[in-house]
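For the sequence shown, the residue numbers in the numbering used here are 3 to 401. For each residue, glycine too, the CB sits at the ideal point set by N, CA and C. The block underneath contains the structure these notes are about, expressed in structure tokens.
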Amino acid sequence: MSRPDELPDKSAPQTRTRKGWLSGILQLVLVIGVLAAGVLANNVLSSMSTAPQIRAAGASGVAVSVVQPDIGETRIRLLETGTVQVRNSVELSPQVSGRVVWVNPALASGGTFKRGEVLFRLDGADYRAAIDRAGADLAARQADLQVEQAEADIARREWELVNPGEPVPSNVAREPQLARAEAAVRSAQTALADAERNLSRVNFSLPFDGRVQATAIEVGQNLIAGQSYGRAYEEGGIEVSVPVNAAVLQGLAPAEGREAVVRPRQVLLSEGTVAYAAIVTRADAELDPQTRLARLTLEFTEEVPLLPGDFVDVEITGPVIPGTYRFPESALQENRSVWVVEDGRLARRQPQLVFVEDGVISALPFDTADGIVVGALNDPQEGDPVVSEGDVRADGERP
């Protein structure tokens with residue numbers, strides 16, 4: 003029988019098998035780690051090798067579109083906003099005092115009236131009584147004059163009987179008394195005419211076709227002569243006031259006589275586009291000290307259904323400027339400047355703009371170098387290198 007220490011060891015093969023399995027796993031992990039490190043290193047090297055290529059591409063210049071301006075004449079047209087206002091308004095001020103006994107329905111804000119149409123009537127009883135008194139006084143003065151004339155005739159005949167052939171002295175002929183009586187008659191006649199005129203003034207009217215702006219007259223109200231109780235203006239007596247800056251005023255000079263078109267701001271859709279012809283009649287001689295603006299005044303050449311206070315769009319036809327440069331409005335940069343390409347680099351220009359219409363700018367001639375850059379640029383700087391991508395037309399379209 004063998005001893006226990008002489009028996010074969012059955013666990014030894016199992017131990018060797020476990021060690022081999024662990025060794026294989028460690029080798030696999032090591033291989034994966036090496037591969038991952040290689041991939042990471044390759045990415046880092048790739049990124050480092052491409053960075054100079056981006057810088058090199060940037061150094062060649064940003065692609066831009068350029069335009070060569072069209073050269074020709076430009077007619078200036080000023081597009082502004084104006085306000086309709088009354089040229090002259092008349093105060094509703096009675097010439098006599100009295101209580102209002104009747105008011106025309108047209109005497110209301112916005113109401114219209116005809117020339118000579120009575121707008122309100124005052125109580126005329128006191129004025130009719132004044133006419134009666136003036137008439138009676140006139141009759142008395144005329145009677146006094148007749149008495150003086152009769153006495154003067156008697157005095158002259160008596161003088162001629164006593165002093166035949168001699169001239170009658172003025173005091174004997176009662177000439178002073180006659181003159182006083184005649185003056186009294188004329189005064190009475192004037193008083194009667196005044197009373198009759200005052201009676202006619204109880205009917206208030208105006209000598210033109212017009213429109214009421216405002217009124218504070220009601221039946222039963224006592225009005226005082228000379229005080230204002232409202233305003234009215236003549237039909238067709240409206241104009242348009244347009245504020246403009248000094249540069250625009252100089253560009254239109256002379257502004258007087260320039261033709262214009264006035265369009266109401268709010269028009270019913272059924273009416274379509276409405277426009278009225280007007281003429282610039284005057285321009286302010288100085289700028290407003292607060293706004294630094296001057297005002298152009300336009301008068302309509304026809305009757306228009308506009309009201310004071312209406313806002314309108316105004317288009318004034320200005321002079322023709324020859325030799326202007328026309329290019330797309332999309333070329334305009336901040337501060338009304340433009341970029342041009344000069345020897346492959348950006349250069350800033352500050353042209354003097356004269357007109358903008360339908361996306362096209364007109365400017366006085368300036369150095370456009372190799373062309374005007376169209377469109378927005380990303381943080382452009384003076385002297386940045388650029389590459390012209392292609393030309394566009396002055397209206398912004400490609401040929």
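Outcome for residue i when other beta-carbon atoms lying within 10 angstroms are tallied against a minimum of 16
i: R213; result: buried
i: V389; result: exposed
i: L366; result: exposed
i: P330; result: buried
i: A183; result: buried
i: R143; result: buried
i: N337; result: exposed
i: V33; result: Model confidence at V33 stands at a pLDDT of 39, short of 50, so the residue's coordinates are unreliable and nothing is read from them.
i: I318; result: buried
i: S189; result: exposed
i: G100; result: buried
i: S67; result: buried
i: E384; result: exposed
i: T275; result: exposed
i: G311; result: exposed
i: S364; result: buried
i: P353; result: buried
CB-CB length for residue i against residue j, believed under 8 Å
i: L208; j: V314; result: Going by Cβ atoms, the distance from L208 to V314 rounds to 27 Å, so no, they are not a contact pair.
i: Q87; j: S230; result: Q87 to S230, Cβ: 19 Å. No contact.
i: L300; j: A255; result: Incorrect: roughly 16 Å between the Cβ atoms, too far for contact.
i: R284; j: E305; result: With 8 Å as the limit, R284 and E305 do not qualify as a contact, their Cβ atoms being about 21 Å apart.
i: D211; j: E237; result: 5 Å
i: A175; j: R159; result: That pair is no contact at about 11 Å.
Per-residue DSSP class, three states only, for residue i
i: R267; result: coil
i: G406; result: With the chain running from 3 to 401 in the structure shown, residue 406 is simply not present.
i: S202; result: helix
i: P387; result: strand
i: Q2; result: Absent from the model: residue 2. The displayed extent of the chain is 3 to 401, so no value can be given.
i: A419; result: Residue 419 cannot be examined here, being either before or after the span of the chain that is shown, 3 to 401.
i: V102; result: strand
i: G141; result: Strictly speaking, residue 141 in this sequence is Ala, with Gly absent from that position. Helix, per DSSP.
i: A59; result: Because A59 sits at a pLDDT of 34, beneath the cut-off of 50, its placement in the model cannot be relied upon, and the following sentence gives the value as read from the coordinates. Note: A59 maps to helix in three-state DSSP.
i: R260; result: coil
i: P171; result: coil
i: L320; result: One point to set straight first is that residue 320 is Gly, not Leu, in the sequence displayed. Correct three-state label for G320: strand.
i: L295; result: coil
i: D381; result: coil
i: R158; result: helix
Inter-residue Cα distance where the pair is residue i and residue j
i: N247; j: Q97; result: 44 Å
i: V64; j: R351; result: 19 Å
i: I323; j: A249; result: 15 Å
i: D386; j: P266; result: 48 Å
i: F302; j: E82; result: 16 Å
i: E119; j: L289; result: 42 Å
i: A108; j: L201; result: 23 Å
i: D146; j: L140; result: 10 Å
i: V362; j: R260; result: 24 Å
i: E150; j: V105; result: 50 Å
i: L80; j: A349; result: 31 Å
i: P321; j: G74; result: 14 Å
i: A333; j: K116; result: 57 Å
i: I281; j: L298; result: 10 Å
i: A279; j: G84; result: 14 Å
i: Q215; j: F206; result: 16 Å
> Is it a yes or a no for the segment 219-226 touching the segment 153-171, going by three-plus beta-carbon pairs under 8 Å?
Replying inline: No, the segment 219-226 does not touch the segment 153-171.
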